[in-house]
Structure formats: structure tokens, C-alpha cells
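A.B. asks: Protein chains in written order, with the working numbering: chain A, 26 to 234; chain B, 312 to 394. Where is the CB? At the ideal position from N, CA and C, for every residue including glycine. Predicted, not measured: the structure shown is a model, and the values here were computed from it.
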């Protein structure tokens, strides 16, 4: 299944002269960098939150991201959009932060995988989802359910799903970012998707909980 | 093929990476197991929902337009300390 191309951070922002802004920063204009922080910081923080969940960690990662961007601004030559470049930096900063954080106890992925009987058939019947895709994406409660469900996934599975399905990285890129083999990425992604389906199923079927 | 094997091979099936002989067996199972057909449909739907709702630029509920000014100041102060 193909992933969508990662959307730029400035999709809804008025047109910005990125080249001029970058040139100002490269020549030491502090006000220009402050402008970048204000223009792109909101969406970058949202990306950091997706990976880190804990607000202070997300803000720390955002600071690290801007520091990294400031230090490497001379290497930015306009090959990609500024927003895309900053997006990559904040994803990397979030992943770095994850590596240094203490892992908290979390649910085992096995609890969220589909169950089967000894004869190989499903333990629970599969029902069609009453809520359609178009309805779901417009429903605030369902949107919150999807975000909450992704957040509930055990961390190492959640990160793979975020990198592959949400951020649009390839298997190889994800493997490199996470220090895994491509095979491990594929296995974790599949299990993360199975678990996500399990978490969405009751509400999408229209079952009262 | 049993249902649990169908789920095991699902990722490769969707990636078009199943060997031809396995693909035939997989397809035969799908032809007679409406439960697996529905499961695969909802599995794909879950992925699409995650992408649509959490993909950058789409998640309007969760996207802050601006970051708190205190955070902006903290970031700029960090940059100044590291100049």
C-alpha cells in the first residue's frame, strides 16, 4: 500500500519568500530566524507530539530541532522546501529524544493482534464497519479515536507506523532511522496496523461500548 | 490456507510481494472466506484513516497555529546561548 507524500508544513500558510528568509538567516539576521520559529513552530510541534506524546519531551525536541536547523542552515541550498527540511529535522530530533527517554511499561502488542482458534479460524467474527471512510474523516470523535488509537500502540510499533504510513518513509529509510533490519520494520509495521485495526474496530462497527 | 495464515501473509499480499504459488492459494482462500475479505478491507481502511487524519496538513484539530510565545522565547534564548 502506498503512503501519501508527506505534506509540507506550510500547506495553509500565506506565500513566504523562503529564499529571502533563508538568505537573511544565513547572513545572521536573528529576526529572520525568529520569524521562521513563529511560522513553522506550530506544525513542527504537532509532529513532535505525534512521536513523543509527553508535552515537555515534544517541546524539548522542538528546541533541539531549531538548534540543529540553526547550526546547519548554511547547508540548506533550497533543493527542498524549507518546510520539508524543517519537518525532517524535527522528526530526527523526536527520534533522538525517544532514544534517551526512559521506557514506561506499555501494553503488549500481542494483546491487540487478532485471535485465532486452534483450527486456524478466527476466534471472533469479523463484521463490516458501519462508519464509512468519508464519514469518519469528517467526524471529530472518530478523528480523535484514530489519534488516540495510534497513541495507544506500544512505542516501537507506533514509531514504525508513524514513519512508514504517516511520514511516508520507505522501509529502508525507516530501518536506518530506527536501527532495525528491513525485515523487522515490515513485521512491526504489519503488527502495528493489525493492532490499530483492533483498536478502531468496536467504534467503527458502530458497537456501543 | 487458514484464516491465521491469511493474516500472516496479508502485508506481502498488499505489497504485491507474494510468490505466485502463494498468491494462488491466498486468492483461493479469499474466494471462499468473506470474513477474511472483510478483515482485509477494514485493515486497509485503518491505514487510510491513519494517513488521512494524522498526515501532515490534514490533522487540523491537533495542529496548533502558533506555539506559545514563551516557547518561542526559550528557543531563541537557546540559539543565543549556542552562537
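Determine, for residue 338 of chain B, whether the minimum Cβ-Cβ distance to residues of chain A falls below 9 Å.
C.D. replies: The sequence position of residue 338 of chain B within the second chain is 27, counting from 1. False, the Cβ-Cβ gap to chain A never drops below 9 Å.
A.B. asks: Does residue 157 of chain A pass the burial test, meaning 16 or more other C-beta atoms within 10 Å, or should it be called exposed?
C.D. replies: To locate residue 157 of chain A, count along the first chain from 1; it is residue 132. Counting Cβ neighbours within 10 Å, residue 157 of chain A comes out exposed, since fewer than 16 surround it.
A.B. asks: Taking 9 Å as the threshold (C-beta atoms), are residue 73 of chain A and residue 82 of chain A in contact?
C.D. replies: Residue 82 of chain A sits at position 57 when you count from the first residue of the first chain. Residue 73 of chain A sits at position 48 when you count from the first residue of the first chain. Their beta carbons are under 9 Å apart, which means residue 82 of chain A touches residue 73 of chain A by this criterion.
A.B. asks: Does DSSP put residue 147 of chain A in a helix, a strand or coil?
C.D. replies: One-based indexing of the first chain puts residue 147 of chain A at position 122. Residue 147 of chain A: strand per DSSP, three-state reduction.
A.B. asks: Residue 52 of chain A: which of A/98, A/166, A/88, A/109 sits nearest, CA to CA?
C.D. replies: Residue numbering aside, residue 52 of chain A sits at position 27 when the first chain is read from its first letter. When only C-alpha atoms are compared, the closest one is A/98.
A.B. asks: What are the boundary residues of the alpha helix (DSSP H) that residue 340 of chain B is part of?
C.D. replies: Against the second chain, residue 340 of chain B aligns to sequence position 29. Unbroken alpha helix (DSSP H) run through residue 340 of chain B: 331-343.
A.B. asks: Using the Cα positions of residue 230 of chain A and residue 165 of chain A, report the straight-line distance between them to the nearest angstrom.
C.D. replies: Working through the first chain from its first residue, we reach residue 230 of chain A at position 205. Working through the first chain from its first residue, we reach residue 165 of chain A at position 140. Straight-line Cα distance between these residues: approximately 17 Å.
A.B. asks: What residue ranges within the stretch 88-146 of chain A form continuous alpha helix (DSSP H) runs of no fewer than 4 residues, ordered along the chain?
C.D. replies: Qualifying alpha helix (DSSP H) stretches, in chain order: 107-125.
A.B. asks: Does the beta carbon of residue 362 of chain B come closer than 9 Å to any beta carbon on chain A?
C.D. replies: As a working mapping, residue 362 of chain B is identified with position 51 in the second chain. Output row for residue 362 of chain B: interface = yes.
A.B. asks: Can you pull the chain B neighbours of residue 154 of chain A, defined as C-beta to C-beta under 9 Å?
C.D. replies: Translated into the one-based positions of the first chain, residue 154 of chain A becomes position 129. Neighbours of residue 154 of chain A on chain B, chain order: 349, 352, 353, 356.
A.B. asks: Taking the alpha-carbon of residue 41 of chain A as reference, which of A/107, A/76, A/227, A/54 has the nearest alpha-carbon?
C.D. replies: Looking up residue 41 of chain A in the first chain gives position 16. Selected option, being the one with the closest Cα: A/107.
A.B. asks: Should residue 179 of chain A be labelled buried (16 or more other beta-carbon atoms within 10 Å of its own) or exposed?
C.D. replies: Locating residue 179 of chain A in the first chain gives position 154, where the first residue counts as 1. Buried.
A.B. asks: Residues in its own chain within less than 7 Å of residue 25 of chain A by CB, not counting five upstream and five downstream?
C.D. replies: What is shown of chain A runs 26 to 234, which leaves residue 25 of chain A out entirely.
A.B. asks: Measuring CB to CB, does residue 12 of chain A end up less than 9 Å from residue 214 of chain A?
C.D. replies: There is no way to answer for residue 12 of chain A, as the model of chain A reaches only from 26 to 234.
A.B. asks: Taking the CB atoms as reference points, tell me whether residue 364 of chain B and residue 92 of chain A lie closer together than 9 Å.
C.D. replies: Walking along the second chain from the start, residue 364 of chain B turns up at place 53. Walking along the first chain from the start, residue 92 of chain A turns up at place 67. Going by C-beta atoms, residue 364 of chain B is not nearer than 9 Å to residue 92 of chain A.
A.B. asks: Look at residue 354 of chain B and residue 222 of chain A and say whether their C-beta atoms are less than 9 Å apart.
C.D. replies: By one-based count along the second chain, residue 354 of chain B stands at place 43. By one-based count along the first chain, residue 222 of chain A stands at place 197. Yes, the pair counts as a contact, with Cβ atoms nearer than the cut-off.
A.B. asks: Could you work out which residue in B/378, B/389, B/339 is closest to residue 63 of chain A when comparing CA atoms only?
C.D. replies: Residue numbering aside, residue 63 of chain A sits at position 38 when the first chain is read from its first letter. For residue 63 of chain A, the nearest C-alpha among the options comes from B/378.
A.B. asks: For residue 316 of chain B, tell me which candidate among B/326, B/391, B/366, B/340 has the shortest Cα-Cα distance.
C.D. replies: Stepping through the second chain from its first residue, residue 316 of chain B is reached at position 5. Checked all of B/326, B/391, B/366, B/340; the closest Cα to residue 316 of chain B is B/340.
A.B. asks: Can you name the start and end residues of the alpha helix (DSSP H) that residue 67 of chain A belongs to?
C.D. replies: Taking the first chain and counting its residues from 1, the one referred to as residue 67 of chain A is at position 42. From DSSP, the alpha helix (DSSP H) with residue 67 of chain A extends over 55-77.
A.B. asks: Can you find a CB in chain B that lies within less than 9 Å of the CB of residue 76 of chain A?
C.D. replies: The residue given as residue 76 of chain A occupies position 51 in the first chain. Closer than 9 Å: no.
A.B. asks: Listed in chain order, which residues of the stretch 374-390 of chain B have Cβ atoms closer than 8 Å to some Cβ of chain A?
C.D. replies: Here the close residues are 374, 375, 376, 377, 378, 382, 383, 385, 386, 387, 389, 390.
A.B. asks: Mind pulling the alpha helix (DSSP H) runs of 4 or more residues that sit fully within the stretch 191-224 of chain A?
C.D. replies: You should have 196-203.
A.B. asks: Within 10 Å of its beta-carbon, does residue 335 of chain B have 16 or more other beta-carbons around it, so buried, or fewer, so exposed?
C.D. replies: Counting from 1 along the second chain, the entry for residue 335 of chain B is found at position 24. It is exposed - the Cβ of residue 335 of chain B has fewer than 16 other Cβ atoms within 10 Å.
A.B. asks: For residue 161 of chain A, which option in B/360, B/390, B/384 has the closest C-alpha, if you only look at C-alpha atoms?
C.D. replies: On the first chain, residue 161 of chain A is found 136 positions in, with the first residue counted as 1. The shortest C-alpha separation from residue 161 of chain A is found at B/360.
A.B. asks: Give a yes or no on whether the minimum CB-CB distance between residue 139 of chain A and chain B is below 9 Å.
C.D. replies: As a working note, residue 139 of chain A is residue 114 in the first chain. Answer yes: the Cβ-Cβ gap between residue 139 of chain A and chain B drops below 9 Å somewhere.
A.B. asks: For residue 154 of chain A, tell me which candidate among B/342, B/348, B/381, B/344 has the shortest Cα-Cα distance.
C.D. replies: The sequence position of residue 154 of chain A within the first chain is 129, counting from 1. With distances taken between Cα atoms, residue 154 of chain A lies closest to B/348.
A.B. asks: Going by alpha carbons, who is nearest to residue 77 of chain A out of A/211, A/224, A/204, A/181?
C.D. replies: In the first chain, the residue the question calls residue 77 of chain A occupies position 52. Taking only the C-alpha atoms, the option nearest residue 77 of chain A is A/181.
A.B. asks: Quick check: the Cα distance between residue 324 of chain B and residue 171 of chain A, rounded to an integer number of angstroms?
C.D. replies: Here residue 324 of chain B corresponds to residue number 13 of the second chain, with the count starting at 1. Here residue 171 of chain A corresponds to residue number 146 of the first chain, with the count starting at 1. So the two alpha carbons sit approximately 24 Å from each other.
A.B. asks: In the structure shown, what three-state DSSP assignment does residue 176 of chain A receive?
C.D. replies: Position 151 of the first chain, counted from the start, is the residue given in the question as residue 176 of chain A. Three-state result, residue 176 of chain A: helix.
A.B. asks: Name the residues in the stretch 55-69 of chain A whose C-beta lies less than 9 Å from a C-beta of chain B; which are they?
C.D. replies: Correct list: 55, 58, 59, 62, 63, 66, 67, 68, 69.
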